[in-house]
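In the numbering used here, the protein residues as written are 96 to 329. The structure under discussion appears below in the form of structure tokens.
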């Protein structure tokens, strides 16, 4: 198995997605929210790129979720905190979501053979699923407005490390793995130094940072199929 890393969607045009399994990751906080939501369980999540698209789906009866610049969109039901997805009232509902980085990254991965949603929260489940597949893997980091970020790169390194015995392709994969190995004993301490963590802290959002960096809270695999996110395991 070959594994490569795209550190930002701005570089995705340099990768051939055909036939590959793509893992989209936006640790702070879109994919962490998606994995949490599908674990409670929400019926399906529909990622869209614009506020207007999300509002239109809300008008059709879906729950509206999303943020811009880290802040909840004013007229939406949910922002971008995993704790908001834990509310029992959303169980078996459809949620439309748009975020600054994560949802666009999913859309930019659509040429792949298969798309999974990655987070530290379901790392082991994702690893176990990938090991049973025969596809090469591309880890697509959502980054922050086109700039690589620390937390997504740490996740990419963690996934490579846990997959074990794989061939890394390109310097980005080696950088991610080296970063993870350097900080694996204190992922939270490393993540708190990221620019995104600092932005969230300015909004008074600190418990999300600690939660999103936890490993293996959920035993769920989430995939993007037919324009929506669904649980494929268990």
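For each residue, glycine too, the CB sits at the ideal point set by N, CA and C.
Output yes or no for whether 7 Å exceeds the beta carbon distance between residue i and residue j.
i, j, result
"residue 315", "residue 258", "no"
"residue 114", "residue 208", "yes"
"residue 138", "residue 187", "yes"
"residue 318", "residue 211", "yes"
"residue 116", "residue 267", "no"
"residue 175", "residue 124", "yes"
"residue 149", "residue 159", "yes"
"residue 206", "residue 112", "yes"
"residue 274", "residue 252", "yes"
"residue 329", "residue 102", "no"
"residue 311", "residue 191", "no"
"residue 198", "residue 144", "yes"
If we count the other Cβ atoms within 10 Å of its Cβ and call it buried at 16 or more, is residue i buried or exposed?
i, result
"residue 291", "buried"
"residue 69", "Lying outside 96 to 329, the shown extent of the chain, residue 69 is not represented and no answer is given."
"residue 170", "exposed"
"residue 110", "buried"
"residue 276", "exposed"
"residue 301", "exposed"
Assuming residue i and residue j make a contact with CB atoms under 8 Å, what is their CB distance in whole Å?
i, j, result
"residue 256", "residue 200", "That belief does not hold up - the Cβ atoms of residue 256 and residue 200 are roughly 22 Å apart, past 8 Å."
"residue 285", "residue 278", "4 Å"
"residue 307", "residue 122", "5 Å"
"residue 264", "residue 162", "Between residue 162 and residue 264 the Cβ distance is about 33 Å, and since that is not below 8 Å, they are no contact."
"residue 224", "residue 181", "Not confirmed; about 23 Å, so no contact."
"residue 245", "residue 184", "Contact doesn't hold; Cβ gap of about 34 Å is too wide."
"residue 261", "residue 97", "7 Å"
"residue 104", "residue 238", "7 Å"
"residue 303", "residue 142", "The Cβ separation is near 19 Å, so there is no contact."
Using a Cβ-Cβ cut-off of 6 Å (strictly less than) and excluding sequence neighbours within five positions of residue i, which residues of its own chain qualify?
i, result
"residue 217", "130, 313, 315"
"residue 120", "126, 213, 236, 247, 250"
"residue 189", "138, 139, 157"
Just grab the DSSP bridge partners of residue i for me.
i, result
"residue 100", "234"
"residue 324", "140, 319"
"residue 166", "163"
"residue 213", "120"
"residue 192", "142, 160"
"residue 262", "97"
Return the chain-ordered list of same chain residues with a C-beta closer than 7 Å to the C-beta of residue i, the five sequence neighbours on each side being excluded.
i, result
"residue 294", "165"
"residue 323", "139, 140, 141"
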